[in-house]
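Chemist: In the numbering used here, the protein residues as written are 4 to 298. Every residue, glycine too, gets a C-beta built ideally from N, C-alpha and C.
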């Protein structure tokens, strides 16, 4: 018997198409697959439910939601033999897209039934795991506005972008040093990526790979509003490197220091996260997570 546990975020993607056991059963074989559904009711609840499923000896644990739900579930599976399945139900679905897991539920469930396994890299930021990307600067402030708006749609994302652009001058001055180099004053963004998508098919690091043992880092120095508009166009056509204020490189570890402050506002897999220290240690754990993907 193959024991498959589904951890479901019922409000992912505005919760318009809930996942039921009756629907799931039609894609699996009675007597071969034993299905369990657990509903996540609050932030970090998916982590607790996954920990229970690990103790219950699940063979496959499926995250049904967006990148935040996937992060909560996958965090518990690093270094284990339990495979992570994904049913993308969020608004962005960056990691699922990178893994070529389709948003059509039927096709995503077929991938889980077929059990094709691969191992992918995992990022770590001060001991917290990330699977797609993490960053400080504009993207962290953007996610903070996006979460406060409670509109999990592309329109809500665009609205949060506009708010973040408008509030840039109000933000606390930021001075960051990377690996001991001369500190940058108010960098526009420092993005560290494990995957090549951020969600909504957008990418700042299109060459990033989940299986190369490296993190792709994008640093954009302080830019004016006109350059910000130009950057938006470059993101759409995946040509961020055309911006002369940008710098990209690969590394297996990174150290960030913030001067004149004792905390970092960050985003981790599309969720706002305040880290109460002025030091960030970011590294890669090679092929430490087993995932189910299309062949």
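Tell me which same chain residues have a C-beta within less than 8 angstroms of the C-beta of residue 245, skipping the five on either side of it?
Modeler: Reading the chain shown from its first residue, position 242 is the one you call residue 245. 237.
Chemist: Anyone know if the C-beta pair for residue 128 and residue 65 falls short of 8 angstroms?
Modeler: Counting from one through the chain shown, the residue named residue 128 turns up at place 125. Counting from one through the chain shown, the residue named residue 65 turns up at place 62. Contact flag unset, no.
Chemist: What did DSSP end up calling residue 212 once you bin it into helix, strand or coil?
Modeler: Reading the chain shown from its first residue, position 209 is the one you call residue 212. The answer is coil: DSSP assigns residue 212 none of H, G, I, E or B.
Chemist: Quick one: Cα of residue 181 to Cα of residue 119, how far?
Modeler: If you number the chain shown from 1, residue 181 lands on position 178. If you number the chain shown from 1, residue 119 lands on position 116. Rounded to whole angstroms, residue 181 to residue 119 spans 39 angstroms at the Cα level.
Chemist: Check whether the region 269-285 and the region 140-147 are in contact - that is, three or more C-beta pairs closer than 8 angstroms.
Modeler: Yes, the region 269-285 is in contact with the region 140-147.
Chemist: Mark residue 8 as exposed unless 16 or more other C-beta atoms lie within 10 angstroms of its C-beta, in which case mark it buried.
Modeler: The residue labelled residue 8 in the question sits at position 5 within the chain shown. Looking at its Cβ environment, which holds 16 or more other Cβ atoms inside 10 Å, residue 8 is buried.
Chemist: Where residue 201 and residue 192 are concerned, what is the direct C-alpha to C-alpha distance, given to the nearest angstrom?
Modeler: If you number the chain shown from 1, residue 201 lands on position 198. If you number the chain shown from 1, residue 192 lands on position 189. Answer to the nearest angstrom: the Cα atoms are 14 angstroms apart.
Chemist: Taking contact to mean 3 or more Cβ pairs, one atom from each stretch, closer than 8 angstroms, check whether the region 253-263 and the region 94-110 are in contact.
Modeler: No contact exists between the region 253-263 and the region 94-110.
Chemist: To the nearest angstrom, how far is it from the Cα of residue 32 to the Cα of residue 39?
Modeler: For the purposes of this step, residue 32 is identified with residue 29 of the chain shown, where counting begins at 1. For the purposes of this step, residue 39 is identified with residue 36 of the chain shown, where counting begins at 1. Their Cα atoms are separated by approximately 14 angstroms.
Chemist: Apart from the five residues on each side of it in sequence, which residues of its chain come closer than 7 angstroms, Cβ to Cβ, to residue 209?
Modeler: As a working mapping, residue 209 is identified with position 206 in the chain shown. Counting only Cβ-Cβ distances below 7 angstroms, and skipping sequence neighbours, we find 199 and 241.
Chemist: Tell me, please, which residues DSSP counts as bridged to residue 180.
Modeler: Within the chain shown, numbered from 1, the residue matching residue 180 stands at position 177. Answer by DSSP bridge pairing, in chain order: 260.
Chemist: Excluding the 5 residues flanking residue 132 on each side, which residues of the same chain have their C-beta closer than 6 angstroms to its C-beta?
Modeler: Numbered from 1 along the chain shown, position 129 holds the residue referred to as residue 132. Hits under 6 angstroms: 78 and 125.
Chemist: Would you check if the distance between the CB atom of residue 187 and the CB atom of residue 179 is smaller than 8 angstroms?
Modeler: Against the chain shown, residue 187 aligns to sequence position 184. Against the chain shown, residue 179 aligns to sequence position 176. For residue 187 and residue 179, yes; Cβs fall inside 8 angstroms.
Chemist: Is residue 220 closer than 8 angstroms to residue 254 when the C-beta atoms are compared?
Modeler: Position 251 of the chain shown, counted from the start, is the residue given in the question as residue 254. Position 217 of the chain shown, counted from the start, is the residue given in the question as residue 220. Cβ atoms of residue 254 and residue 220: closer than 8 angstroms.
Chemist: When you compare only the Cα positions, how much space is there between residue 36 and residue 52?
Modeler: Taking the chain shown and counting its residues from 1, the one referred to as residue 36 is at position 33. Taking the chain shown and counting its residues from 1, the one referred to as residue 52 is at position 49. Approximately 20 angstroms between the Cα atoms of the pair.
Chemist: Would a C-beta distance cut-off of 8 angstroms place residue 135 and residue 215 closer than the cut-off?
Modeler: Indexing the chain shown from 1 puts residue 135 at position 132. Indexing the chain shown from 1 puts residue 215 at position 212. Contact flag unset, no.
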